[in-house]
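The numbering of the sequence shown is the UniProt record's numbering, which starts it at 1 and goes up by one. Glycine included, each C-beta is placed from N, C-alpha and C at the ideal position.
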Amino acid sequence: MNAGKVLQRSIVFESNGGGNDVGNDVGNIDRQSLTLLRLSMNPVSFHAKFSMRWGSVCFAARVFIGVFLVLLLVGCRRDSSSAESTSNLAESRSSSPVDLRAQLRSFMQARDWEAARPVARQAILANPNDPDLLTDAAKVFGFGGQARQAAEMLVEAARVADYRPASRVDFAVRALIEVGDLYGAIELLESALDAAPEHVELRRVLVGFLGEAERTEKIPPHFMRLIQDRSFDFPLLVSLTETSSRRFAVDTIELILKRNPTDHRSKLGQASSMIAEGNIPAAARVLEEILENHPDFAPAHALYGRTWVLQRQFEEIVNWNDTAPPGTTSYCDYWLTVADWAAHYDRMDEAARAYWQATRLDPNRSLAWSGLSHAIRAGTTDDISASGEHERAEMLRAIDERIVNLLELRKRYYSFNVGNRVSQSDAVAVAESLWKLGRYWEAEAWTASATSLTDSPSSQLAGLRTQILAALQNDRRWQSDTGQVALTLDLSDFPLPTLHKRGEANGSNQSSLANAHDRSAVIPENLSTEHLQLVEQSDQWGLTGIGANNNPGDAKLAALIRSTGAGGGAIDYDLDGYCDFVVMNAGGTMLELDSMPNDLMRNVGHRFTKVTDSAGVGDRGFGQGIAIGDYNEDGFPDLFFANLGSNRLLRNNGDGTFTECSDQLNDDERQWTSSAAFVDVNDDGISDLLTTNYCATVDSLSKGCFDDSGQEGPCHPLRFPARKDQFFVGSGNGEFRDVSKQWIGNGSTGRGLGILAGTLDNEGLGILIANDMSANFYFTPQVSARGDEPGRLSESAAARGVAVDGRTMTQASMGIAASDFDGDGDLDFYMTGFAQEYNILYEQISAGYWRDQTGRLKLDLPTLSTVGFGTQAIDLDGDGIDEIAVANGHIGEFPDPTVPRYEQPFQIFRRGSQGDFALLDDDPWGTYFNTPHVGRAMWRMDVNHDGRGDLMITHNAEQVRLLVNQSDDDSHRIAFRLVATESSRDAIGAIVRFQADGRARTLWQLAGDGYLCSNERTLRAGLGSDDEVTNVTITWSDGSVTELGTLAADVEYLVVQGQTLPYELKQW
1 MNAGKVLQRS IVFESNGGGN DVGNDVGNID RQSLTLLRLS MNPVSFHAKF SMRWGSVCFA
61 ARVFIGVFLV LLLVGCRRDS SSAESTSNLA ESRSSSPVDL RAQLRSFMQA RDWEAARPVA
121 RQAILANPND PDLLTDAAKV FGFGGQARQA AEMLVEAARV ADYRPASRVD FAVRALIEVG
181 DLYGAIELLE SALDAAPEHV ELRRVLVGFL GEAERTEKIP PHFMRLIQDR SFDFPLLVSL
241 TETSSRRFAV DTIELILKRN PTDHRSKLGQ ASSMIAEGNI PAAARVLEEI LENHPDFAPA
301 HALYGRTWVL QRQFEEIVNW NDTAPPGTTS YCDYWLTVAD WAAHYDRMDE AARAYWQATR
361 LDPNRSLAWS GLSHAIRAGT TDDISASGEH ERAEMLRAID ERIVNLLELR KRYYSFNVGN
421 RVSQSDAVAV AESLWKLGRY WEAEAWTASA TSLTDSPSSQ LAGLRTQILA ALQNDRRWQS
481 DTGQVALTLD LSDFPLPTLH KRGEANGSNQ SSLANAHDRS AVIPENLSTE HLQLVEQSDQ
541 WGLTGIGANN NPGDAKLAAL IRSTGAGGGA IDYDLDGYCD FVVMNAGGTM LELDSMPNDL
601 MRNVGHRFTK VTDSAGVGDR GFGQGIAIGD YNEDGFPDLF FANLGSNRLL RNNGDGTFTE
661 CSDQLNDDER QWTSSAAFVD VNDDGISDLL TTNYCATVDS LSKGCFDDSG QEGPCHPLRF
721 PARKDQFFVG SGNGEFRDVS KQWIGNGSTG RGLGILAGTL DNEGLGILIA NDMSANFYFT
781 PQVSARGDEP GRLSESAAAR GVAVDGRTMT QASMGIAASD FDGDGDLDFY MTGFAQEYNI
841 LYEQISAGYW RDQTGRLKLD LPTLSTVGFG TQAIDLDGDG IDEIAVANGH IGEFPDPTVP
901 RYEQPFQIFR RGSQGDFALL DDDPWGTYFN TPHVGRAMWR MDVNHDGRGD LMITHNAEQV
961 RLLVNQSDDD SHRIAFRLVA TESSRDAIGA IVRFQADGRA RTLWQLAGDG YLCSNERTLR
1021 AGLGSDDEVT NVTITWSDGS VTELGTLAAD VEYLVVQGQT LPYELKQW
């Protein structure tokens, strides 16, 4: 609409003696529609992945920006009495203020804007404090094509009127937005609310502007006042409650910039969005442009520091700090950057102080708490007394509790939002999380709003609301520290970081910088990659058509049940020394028995033959994952089939056949079980069964979902209720009993997809579960509970650093590869995820504590455009340094050309000369490697008895593919097959240690092995040029140790617990 017409229609020009009411017409406009919130209610907007993965899941509150669009066309119609106008203009120079006002009105009614302008100027000079006159003058300048001057006059009119009524301020704000002056609008609203705090709707507008401008640090006092004034609703609560990512769209900012390209401060929100999407170089360029034009803009400088950290350019942070404008230290991002700099150089006390400063500025920034936890754990422990160690432990306990509560809030928030914001139980769950965090005002607002919801009523609402109101009677602070131990920590005695470049320090600081090193620098002796090669040999090995057609549905619709694929695993079912395998099949109807039968493929030395029918393993359930282990301790590996429906348990009879014993599971539920593992949890010598469950089996699982445009496509998993994982205790007679409540209680659900179990921290049993769009789980026994009654398991993923990524964001975690990637004797994890996230490498930096080191190892960028499922560690050339293989493929086909394709390339990563990883160019290896696929599960096995690890991969709508390792190397290798006698025979949890190639080596006996799969239960290691290994020891899961001394290379050994002489099974 023409700007002049907007003003003409909205402003009353007739004087009523006491001044004009500038809001008569605007009073009929929906005031909420003028807030400029532009909120995308997509609960997962922080993940660009979800605009691709789940379509557009927007929940309204999209807002029309009531601003002026264009001024009148040049050459507006002038009144025919031009001569008379000129005469009137001349007379105006000597007129009184009253005469000037009358002349101005006369010109305005005649639409003679050119003649009106000088009169308006004269009138304002004569009476500069008349808001109505200023408003009239603004109309004149607006119609005259001078929008900036019009906006300035409206701002002045609001000021001289003491910012009353609110509609006068509103018009000035809209005029400022028309000319792209976002910060001018923010300043005007702040001034107006200082003078007239009762202007509730203006406060809502300000909150929206602050969000658009990425000035969220200014929002809390206004949010609190809106709650106190009872001016809130679910759109407002949803947009401001969970602040781990940007909730505001960038298209409004683009409009602002188009109107006012000289004010670059508005680009701060663009830079923030780019960082969230992982486009760090682009974000850095935007911030540089902002600072070039506004060098004193402190929030941009603070955020700019984060880009140096994320690009691992720590040397630049010194210059960044030296050029910081005044006020930069008042931003959380500043202290996070300084803290990360100190942590990078192992100055952990300084890092802890800086992280603590960040938590004081933003107590709900989980990244700050996570960094603080890491810094305290990694800090100096020398000379700490027993009381000091206890104090440190209590400090960490409080910090970890804060992190867990923040992550739980995020999860509950997403559940409520994706559920269309209609569930009272979900809203109450959000309120409960806020209550636990000491955010009483927000908790009260959520419970108040929850009373209006009728779906899924909560019996806890009334009681929780009573508690919250009682607390607010005594503590009316926005963020209470009552009961919040983490918020009362005082680290002011810790040293502040002193930033300087290498060589500029002195004393201990210089030593600290000099000793800072990349602990992941495991560099291959042969840096060439030409000798590496995998060869696709599926057809040669008789696998044509095996595992094909597991996803018969339309990939463009991609119902959730068609997205996960099916898995498989390695098994020497007949104990002939040749590794066989089972592949799961799906493709039918969920919960039914009409899928293709699972297949058992027997290895006869040079090819595989199908023995499905004769072995009796052809279950036709909707197959997902598999567990392979000797659950009845008779020496023969048994099978567990995880289905979308009824799960199956098959006992190996030892004669080449299996007997279905599913009734011994004592589990009649039909559900979506994804992965599983056999492992002795309660240390009674009998394998137990751990299963991960995904979503509840509601009918709509088999259907697509519709986006905002009405197009059917993939569904967000959070649309469906999650199912809790199930843990079963085994007995000596082959029976299982569900002990989930005893072991893991009624804790959080996670939509589990991958599982790994073993002595993950070198100290005791650990169970890692990769969850989709929820924090991952890490379970450990609280106490040893030998016997039939198990002890409770404790969940501690957040405290251990494996719950979320390094940004403290949950990911769509799926596959898990485990290895000592950095060669320091402990186990690290590589976890796959979704596009626009990144696959994560968690490096174990101290016993039982991991840290996301993906960016430092340059593993992040190559996976931003892929959807990773199965993954394994594999030493292709036997040099003792593992590569990482990843099976990729999207969950469906999307019409948006910016979304990664359905078919995606297989990837393999190898260490380079600097110790980081690089994507291997595998195109020359053949057709499979230079064409894309929809890869799913992956497991490791040696199919041809050459001592090298090979890979098997399942796909959607494609047969399994066998990738045989034919790398050209002269390396020696060694392998161990373990049999326990004092604990479960599979020896899960055992650790093999030895010396080879000049360094200590460690191997772990694990179960689960990641996504829907089970690896060959043989431990393999490349030895490089060494033809023997020394100091071989095996630590069994019960703590006993077997010492084997020196062993020759190029042999696979069978080691039985309690026997010091291993058996040679085969040589290469």
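Residues sharing a beta bridge with residue i, DSSP
i, result
"Asn632", "Beta-bridge pairing links Asn632 to no other residue."
"His955", "Gly935"
"Ser675", "Thr692"
"Cys715", "Cys715 pairs with nothing; no bridge assigned."
"Trp320", "Per DSSP, none; premise fails for Trp320."
"Pro781", "Leu793"
"Thr609", "Arg602"
"Thr1030", "Gln995"
"Val729", "Arg737"
"Ala757", "Ile767, Ala1007"
Given residue i as reference, the closest of the options once Cα atoms are compared
i, options, result
"Asp805", "Thr529, Leu367, Gly379, Asp481", "Leu367"
"Phe636", "Ala627, Asn653, Ser449", "Asn653"
"Ala757", "Ala990, Gln473, Arg476, Gly656", "Ala990"
"Ser273", "Arg751, Arg807, Ser245, Asp668", "Ser245"
"Ala818", "Asp772, Ala996, Trp1004", "Trp1004"
"Asp136", "Gly145, Ala126, Ala150, Leu125", "Ala150"
"Arg377", "Asp1026, Ser846, Glu893, Val98", "Ser846"
"Tyr902", "Ala797, Gly915, Pro932, Asp170", "Pro932"
"Arg940", "Asp349, Asp699, Asn693, Ile816", "Ile816"
"Lys610", "Asp594, Val583, Tyr631, Leu591", "Val583"
"Phe869", "Gly855, Arg620, Glu114, Asn771", "Asn771"
"His319", "His301, Gly327, Cys332", "Strictly speaking, residue 319 in this sequence is Asn, with His absent from that position. Asn319 has its Cα closest to that of His301, out of His301, Gly327, Cys332."
"Ser425", "Leu437, Leu453, Ala443, Arg402", "Leu453"
"Gly750", "Pro717, Trp743, Tyr573", "Pro717"
"Thr307", "Gly855, Pro895, Glu1028", "Gly855"
"Val992", "Gly1039, Val617, His955, Arg961", "Gly1039"
"Gly734", "Lys741, Glu660, Ala343", "Glu660"
"Gly278", "Pro862, Lys139, Ala548", "Pro862"
"Gln1057", "Thr981, Gln313, Gln853, Asp1050", "Thr981"
"Asn585", "Gly547, Ser702, Phe777", "Gly547"
Whole-angstrom C-beta distance between residue j and residue i, which should lie under 8 Å
i, j, result
"Ala987", "Gly629", "10 Å between Cβ atoms; not a contact."
"Phe829", "Val867", "Contact flag wrong, Cβ pair sits at about 19 Å."
"Gly935", "Ile908", "Contact doesn't hold; Cβ gap of about 12 Å is too wide."
"Phe728", "Arg719", "At roughly 29 Å, the Cβ-Cβ gap does not stay under 8 Å, so Phe728 and Arg719 are not in contact."
"Leu189", "Phe171", "About 13 Å separates the two Cβ atoms, so there is no contact after all."
"Ala722", "Cys695", "6 Å"
Contact test: residue i Cβ vs the ligand MG heavy atom, cutoff 7 Å
i, result
"Gly915", "In the structure shown, the ligand MG is absent, as is every other ligand, since no ligand is present at all."
Beta-carbon spacing of residue i, residue j below 8 Å
i, j, result
"Ala470", "Ser449", "no"
"Pro457", "Leu560", "no"
"Met831", "Tyr838", "no"
"Val1041", "Thr1030", "no"
"Asn598", "Gly625", "no"
"Arg911", "Pro495", "no"
"Arg365", "Ala358", "yes"
"Leu134", "Ala157", "yes"
"Arg620", "Asp594", "yes"
"Ser984", "Ile686", "yes"
* Asked: Does the pairing of the region 1012 to 1026 with the region 561 to 575 give three or more beta-carbon distances under 8 Å?
  -> yes
* Evaluate the contact criterion for the region 672 to 692 versus the region 637 to 647: three or more CB pairs, one atom per stretch, below 8 Å. => yes
* To do: Decide yes or no for the touch test of the region 254 to 265 against the region 468 to 487: beta carbon pairs closer than 8 Å, at least 3 of them.
  => no
* To do: Determine contact between the region 954 to 970 and the region 533 to 546, defined as no fewer than three beta-carbon pairs at a distance below 8 Å.
  => yes
* If we count Cβ pairs, one from each stretch, closer than 8 Å, do we get three or more for the region 869 to 886 versus the region 677 to 697? -> no
* Asked: Would you call the region 312 to 328 and the region 474 to 489 in contact, with 3 or more CB pairs under 8 Å?
  -> no
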